[in-house]
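Protein chains in written order, with our numbering: chain A, 119 to 241; chain B, 17 to 181. Beta carbons: idealized from backbone N, C-alpha and C, even for Gly. For reference, the structure is listed below as structure tokens.
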Amino acid sequence: MAKNVLIVDDSATMRKIIMRGIRQAGIENADFKEAGDGVEGMQAVEAGAFDLILSDVNMPNMNGLDFVKAVATKLGTPPPIVMITTEGSEEVVKEAMNRGARGYLKKPFTPEKIQEVIGPFLK
Amino acid sequence: MSTATLEQHLVEALQRAAREILETMVSMSPTSVTEESEDTSSFRDEVIGLLGFTGTRTGTIVVRASEALARTVAARMLMMEPSEIGSFADAADAFGEVVNMLAGNFKNAWVADGNAMELAMPNVIHNGAVKVHSDGPGCVRSRVRVAVEGGVIDIGVHFEGKERA
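Structure below.
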């Protein structure tokens, strides 16, 4: 059965790369919805149910850390959220986890790393 | 008086990040990644990617390339042919993401030294001129040049002069 995955990233290029990377990682059961920032991400979350949310951190309008917090506040028990970002500092990771993120994938990434981090959430 | 450069380990971190990003996300194999002298704070290039930052130091990361190479980068990232990249906006989005990854990876090295850094959003300028503030006492300028098939990508890191507490 297909899993609904929301990708929140302000770069259309990066959203395409993430989708391609997930397929290259051998994960074939994902249906994707895209959002360009945290505000659009919240609109998507309010409109539909997702099995996994992948979110950038550095975005306009609503950044990824505020988005994670907003999703947790809105849903109470949110789906797993994995941050996909260039910012691998301990501070950012800790803050994302404190706000409800379940995982972290650093850019640049390989299909093998996608399988390791994201694969368990889409089984 | 010559402008100071970044500490060597930060230059090397930027070189590693540039190579890894191009190989992993752009499917390009750099033929060389070298440290160069960044002699100017004024730029006029076909494509200029800018990303400002604040924190322990304030400054700008400036990434330059030809339009043809920026389109090739976008095409490689999207697994298309350069001729299939229609508007420059598509190339700019991809190039901006490369700038974003370079800045984020540089930040990781910078904060590992106990510094703070907050990144702005990347901005890509087409056929324009840019002046950043890295002239004068206390300024720092460094550049890494990445040679790939089809040209070079210059990655400059510019710190303004005023050091923050």
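- State the DSSP-derived secondary structure class of A:G218, mapped to helix, strand or coil. coil
- Item | Reduced DSSP category for B:G144 - H, G, I as helix; E, B as strand; rest coil | strand
- Query: Using DSSP with H/G/I as helix, E/B as strand and the rest coil, what is A:K192?
  - Reply: helix
- Message: Mapping the DSSP letters down to three states, classify B:M137 as helix, strand or coil.
- Response: coil
- Could you tell me which residues DSSP puts in a beta bridge with A:L223? A:I202
- How would you list, in chain order, the residues of chain A whose beta-carbon sits under 8 Å from the beta-carbon of B:G120? N176, T203, T204, E205, G206, K225
- Query: At a CB-CB cut-off below 9 Å, which residues of chain A make contact with B:M93?
  - Reply: T131, M132, K134, I135
- Query: Just reading off the alpha helix (DSSP H) that A:I156 is part of, what are its end residues?
  - Reply: Per the sequence shown, the amino acid found at residue 156 of chain A is Gly instead of Ile. Run containing A:G156: 156 to 165, per the alpha helix (DSSP H) assignment.
- Task: Please check if any C-beta of chain A sits within less than 9 Å of the C-beta of B:L30.
- Result: no
- Task: Please determine if the stretch 118 to 125 of chain B and the stretch 198 to 208 of chain A are in contact, where contact requires at least 3 C-beta pairs separated by less than 8 Å.
- Result: yes
- Closest Cβ-Cβ distance between B:V127 and chain A: below 9 Å? yes
- Message: Using 8 Å for Cβ pairs, my map puts B:D151 next to B:S57. What's the rounded Cβ distance?
- Response: 5 Å
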